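Accompanying notes for the structure given below.
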Amino acid sequence: MGKALEALAFWGVIGLVLVIGYTYRFELRDVVERVVAELVPGYVARHGQDAEVVRGRDGDFSLAAHINGARIAMVLDTGASSVVLTQEAAKAAGLPLEVLNYSVNVDTANGRTRAAPVTLERVVIGGLIERAVPALVAQEGQLKHSLLGMSFLNRLDSWEVRGNKLRMRAAP
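Heads up, the sequence shown is in the working numbering, so the first residue is 43 and it goes up one at a time.
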């Protein structure tokens, strides 16, 4: 009889945990996302209309964006007036590299260069979705990482850096 009560108590606790987990599934999802964001560099955690990224060990906010359906590694750069893609990222996003016109003068940390203006059909970061985002494509070898610049950030309702977290909120 003691073993039967022990088994009943065990399964009762399991059932209770499942009911509580189901009841708080949305809150638990947010907790899991925050934990993963802390542990996985570049992971973008969703919080309703917000997206949150944790600063990497190198001091940068690195994140994964989906541009025209392609997963592109990017670095936040508030000093960049535009989103700027490397040649590799532009190719992955399906941009026609062979017809790009490198007509825009840009000043970078490495000096002056030229970039090609483009419009990105769709940029997705976490739950944030922006369409027709103006951007630039850097010439071959001019950029190490694609940059998430102000042409994306200015479309948002708000964005802020607090401590080691970047939080972005979609415009209504």
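Every residue gets a Cβ at the ideal spot worked out from N, C-alpha and C, and that includes glycine.
Treat the numbers as computed from the prediction; the structure is a model and nothing was measured.
Start and end of the beta strand (DSSP E) containing residue i?
i, result
"Leu190", "Ser188 to Leu190"
"Val203", "Ser200 to Arg204"
"Glu94", "Asp92 to Val96"
"Arg211", "Lys207 to Arg211"
"Arg88", "Ala87 to His89"
If residue i and residue j are in contact, beta carbons under 8 Å, what's the gap, nearest whole angstrom?
i, j, result
"Val175", "Leu162", "4 Å"
"Leu139", "Ala131", "The Cβ separation is near 11 Å, so there is no contact."
"Val146", "Leu105", "So it is not a contact: roughly 24 Å between Cβ atoms."
"Val148", "Ala157", "5 Å"
"Leu137", "Val160", "6 Å"
"Phe103", "Leu170", "Not quite, the Cβ-Cβ distance comes to about 14 Å (not below 8 Å), so this is no contact."
Terminal residues of the continuous alpha helix (DSSP H) containing residue i?
i, result
"Leu60", "Gly44 to Thr65"
According to DSSP, is residue i part of a helix, a strand, or is it coil?
i, result
"Leu185", "coil"
**Message:** Please give me, in chain order, every unbroken run of the beta strand (DSSP E) with length at least 3 that falls completely inside the segment 112 to 174.
**Reply:** 112 to 118, 125 to 127, 146 to 150 and 153 to 167
**Request:** Answer yes if the segment 124 to 133 comes into contact with the segment 186 to 202, meaning at least three C-beta pairs across the two stretches below 8 Å, and no otherwise.
**Result:** yes
**Prompt:** Touch check for the segment 109 to 117 and the segment 85 to 97: three-plus C-beta pairs under 8 Å?
**Reply:** no
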